[in-house]
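Here the structure comes first, spelled out in structure tokens, and everything after it is commentary.
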Amino acid sequence: MNYNGEVALVTGGSSGIGKATSLRLASEGARVAVGYLGDAEEDDAKAVVASIRDDGGQALAVQVDVTDPDGVDRCFAAVEDHWGPVQILINNAGISRDSLLLRMSEDAWSQVMKVNLDGVFHTSKRALRNMMRDRSGAIVNVSSVAGLNGNAGQCNYSASKAALVGLTRSLAAEAGGRGIRVNAVAPGLIRTQMTEEMPENWDENVVERTALGRPGEAEEVADAVCYLASPASSYITGVVLVIDGGLSVGL
Ligand code: NAI
Numbered sequence: 004m005n006y007n008g009e010v011a012l013v014t015g016g017s018s019g020i021g022k023a024t025s026l027r028l029a030s031e032g033a034r035v036a037v038g039y040l041g042d043a044e045e046d047d048a049k050a051v052v053a054s055i056r057d058d059g060g061q062a063l064a065v066q067v068d069v070t071d072p073d074g075v076d077r078c079f080a081a082v083e084d085h086w087g088p089v090q091i092l093i094n095n096a097g098i099s100r101d102s103l104l105l106r107m108s109e110d111a112w113s114q115v116m117k118v119n120l121d122g123v124f125h126t127s128k129r130a131l132r133n134m135m136r137d138r139s140g141a142i143v144n145v146s147s148v149a150g151l152n153g154n155a156g157q158c159n160y161s162a163s164k165a166a167l168v169g170l171t172r173s174l175a176a177e178a179g180g181r182g183i184r185v186n187a188v189a190p191g192l193i194r195t196q197m198t199e200e201m202p203e204n205w206d207e208n209v210v211e212r213t214a215l216g217r218p219g220e221a222e223e224v225a226d227a228v229c230y231l232a233s234p235a236s237s238y239i240t241g242v243v244l245v246i247d248g249g250l251s252v253g254l
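If you read the sequence shown in the numbering used here, its first letter stands for residue 4, the second for the next number, and so on.
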């Protein structure tokens, strides 16, 4: 995929898909800023950085809460001070707070929107400033099959991830003329902390409907994210790549 020292920022890079993506980007030659939410995630982010450096790569841990525009600005400024402008932005940070709509609190609705959707607005807007000037850049948004197909108990999550599809396609149209590509991935059931926190046995039903008959691994999503961020996909923009082991086939 040949990144050649490009500067990447991965939000929520201390765990799961973000961690796997950070490691993969670095192994392909990108300089990776591993974004972590707060103190609780700092050690994990530093471990990702250490692992990248042990393998001869370049990495940096940066604190960023994507819901805070000023904090996002400080994070980008820190990366710029260190390496220069962010050329690859991976909008991976996300949360779920599941319940049926009738029982869903205002807070569960708005928190999910703030992180999953508003967060992508803040980081993308900040990243675009330099990308537009430099006439190049790649943004990959981590959506979900829940945003394409819907999922009972996830109206907030599903709506936020569907909105990311609209944002991805619209921004691809806006920024393409400046050589900036904007794509999304829509993972199905992937084994991470997020899915471990779901109620027991909920995933058996999903696996049953998955053509490949198993959940996916974070590394399998990372491969696709890195492809969409790399020169190997130089003529691809505005797409949503489904990575769900055939869940969407509809068994
Ligand atoms: P995860 O819980 O390991 O990762 C989420 C990351 O986002 C964590 O590192 C967390 O600290 C970070 N984060 C949360 N709130 C944040 C905030 N306000 N600012 C910055 N960072 C914040 O779970 P996973 O599965 O790796 O999730 C990564 C992305 O993949 C999420 O966007 C999720 O919605 C998406 N996804 C996951 C699927 C799965 O089955 N695991 C399926 C489809 C999409």
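Quick reminder that beta carbons are idealized off the backbone N, C-alpha and C, glycines included.
Below 8 Å between beta carbons: does that hold for L103 and G156? On the sequence shown, position 100 is the one that residue 103 refers to. On the sequence shown, position 153 is the one that residue 156 refers to. Yes, the Cβ-Cβ distance between L103 and G156 is below 8 Å.
N144 in three-state terms, based on DSSP: To locate residue 144, count along the sequence shown from 1; it is residue 141. Looking at N144 - three-state DSSP - the assignment turns out to be strand.
Closest to G150 by C-alpha separation, out of V52, L131 and L244, would be which residue? Here the question's residue 150 lines up with position 147 in the sequence shown. The residue with the shortest Cα to Cα distance from G150 is L244.
Compute the beta-carbon to beta-carbon distance between E31 and M4, rounded to the nearest angstrom, for a pair I have assumed lies under 8 Å. Taking the sequence shown and counting its residues from 1, the one referred to as residue 31 is at position 28. Taking the sequence shown and counting its residues from 1, the one referred to as residue 4 is at position 1. Yes, they are in contact, since the Cβ atoms of E31 and M4 sit about 4 Å apart, within 8 Å.
If distances are taken between C-alpha atoms only, which option among E207, G248 and E220 comes closest to A214? Looking up residue 214 in the sequence shown gives position 211. Of the listed residues, the one whose Cα sits closest to A214 is G248.
Coarse secondary structure for V35, derived from DSSP in three states: Within the sequence shown, residue 35 is the residue found at index 32, counting from 1. V35 falls in the strand class under three-state DSSP.
Going by C-alpha to C-alpha distance, which of R132, R136, N133 and S173 sits closest to N144? As a working note, residue 144 is residue 141 in the sequence shown. With distances taken between Cα atoms, N144 lies closest to S173.
Identify whether V245 lies in helix, strand or coil by the three-state DSSP scheme. Walking along the sequence shown from the start, residue 245 turns up at place 242. Three-state result, V245: strand.
Which residues DSSP lists as bridging Q66, in chain order: Position 63 of the sequence shown, counting from 1, holds the residue named residue 66. Paired residues: Y39.
Determine the extent of the alpha helix (DSSP H) in which A162 is found, giving its start and end residues. As a first step, residue 162 is located in the sequence shown; it is residue number 159 there, counting from the start. Per DSSP, A162 belongs to the alpha helix (DSSP H) from C158 to A178.
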